[in-house]
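*Asks:* The sequence shown begins at 46 in my numbering and counts up by one.
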Amino acid sequence: MEDLMKFVRKCDPKKTRKRSVNKATWKREILREIRYVIHPLKSASTLGRMLLCSRYKPSSLPQFPQCGHKQKAFRCSELSCQDIRKFHKNIYKCTTKVKQDCFILKYCNISEAKSLKPNSKRRVSIKYTILSENGTKIPVCQKTFMRALIIKKNRIQGVIQYNTIQYNNFISGIKDLKIKNIGP
46 MEDLMKFVRK
56 CDPKKTRKRS
66 VNKATWKREI
76 LREIRYVIHP
86 LKSASTLGRM
96 LLCSRYKPSS
106 LPQFPQCGHK
116 QKAFRCSELS
126 CQDIRKFHKN
136 IYKCTTKVKQ
146 DCFILKYCNI
156 SEAKSLKPNS
166 KRRVSIKYTI
176 LSENGTKIPV
186 CQKTFMRALI
196 IKKNRIQGVI
206 QYNTIQYNNF
216 ISGIKDLKIK
226 NIGP
């Protein structure tokens, strides 16, 4: 029996009966590796898949604010081109949607709307800020914020709405726990 064990050795993975898993050759993993890189020699279908993978990359350069707000509420005119460029660069350092959503939430102050109109669905008020070179948050209008990040209004509102609902559910859950623990 010992003589038989002498001749047993590990086989080459290419010559085995059951093929071993090699994730490096999967389409999904290849696309993940070459994410955000578009090769001109690839076919149209592969190129389409690559474009889908580059979803959270900027489509163009940020636009400098043209509104010229100088009030206390919106100080868009105080922003420099460098402020806009760095702010834009920082959001696209995050390559996933979740991280970008956290970045958006970090620079949006959400509060309850002070005046509620009878037929309006608007329950929250959003104040947008952009980080300046000296590290202070400068309040800006929605248009400037969207142009600096090259994102649409619906994305911002969706992120805020989702997180407000999550926060409200969390708070109501805590209140329910407190009520249950108080009773006998």
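Here a beta-carbon is modelled for each residue, glycine too, at the ideal position from N, C-alpha and C.
For I175, write down the residues that DSSP places opposite it in a beta bridge.
*Replies:* Answer by DSSP bridge pairing, in chain order: I183.
*Asks:* Just the Cα atoms here: how many angstroms apart are T174 and S65?
*Replies:* Between T174 and S65, the C-alpha separation is close to 52 Å.
*Asks:* On the DSSP letters alone, give me the boundaries of the beta strand (DSSP E) that C56 sits inside.
*Replies:* Segment: none, C56 is in no beta strand (DSSP E) and carries neither H nor E.
*Asks:* Quick check on the burial criterion: 16 or more other C-beta atoms within 10 angstroms. Buried or exposed for D48?
*Replies:* Under this definition D48 is an exposed residue.
*Asks:* Below 8 Å on the Cβ atoms is my contact criterion, and I expect I136 with I201 to pass it. Report the Cβ-Cβ distance as a whole number of Å.
*Replies:* That pair is no contact at about 12 Å.
*Asks:* Nearest to K115 by alpha carbon, out of C186, T209, I205?
*Replies:* That would be C186, whose Cα lies nearest to the Cα of K115.
*Asks:* Considering only the beta carbon of each residue, do Y152 and K182 sit closer than 9 Å?
*Replies:* Yes; because the gap between Cβ atoms is below 9 Å, this pair is in contact.
*Asks:* Determine whether the beta carbon atoms of Q145 and Y101 lie at a separation below 9 Å.
*Replies:* Taking 9 Å as the Cβ cut-off, Q145 and Y101 qualify as a contacting pair.
*Asks:* How is the alpha helix (DSSP H) around C153 delimited, first residue to last?
*Replies:* That residue, C153, is in no alpha helix (DSSP H); its beta strand (DSSP E) goes 153-157.
*Asks:* For R168 and E157, which I take to be in contact (beta-carbon distance under 8 Å), what is that distance rounded to the nearest angstrom?
*Replies:* Confirmed, Cβ separation roughly 7 Å.
*Asks:* With distances taken between CB atoms, is the gap from A118 to P184 smaller than 9 Å?
*Replies:* Yes, the Cβ-Cβ distance between A118 and P184 is below 9 Å.
*Asks:* Is H133 closer than 9 Å to P103 when the C-beta atoms are compared?
*Replies:* Cβ atoms of P103 and H133: closer than 9 Å.
*Asks:* Let me confirm a value: T70 is counted as buried when at least 16 other C-beta atoms fall within 10 Å, else exposed. Which label applies?
*Replies:* The residue in question, T70, is exposed, as its Cβ has fewer than 16 Cβ neighbours within 10 Å.
*Asks:* Going by other Cβ atoms of all chains shown within 10 Å of its Cβ, with 16 needed for buried, is L161 buried or exposed?
*Replies:* When all chains shown are included, L161 counts as exposed.
*Asks:* Quick one: give me the first and last residue of the alpha helix (DSSP H) that R130 is part of.
*Replies:* Taken as a continuous stretch (DSSP letters only), the alpha helix (DSSP H) holding R130 covers 126-136.
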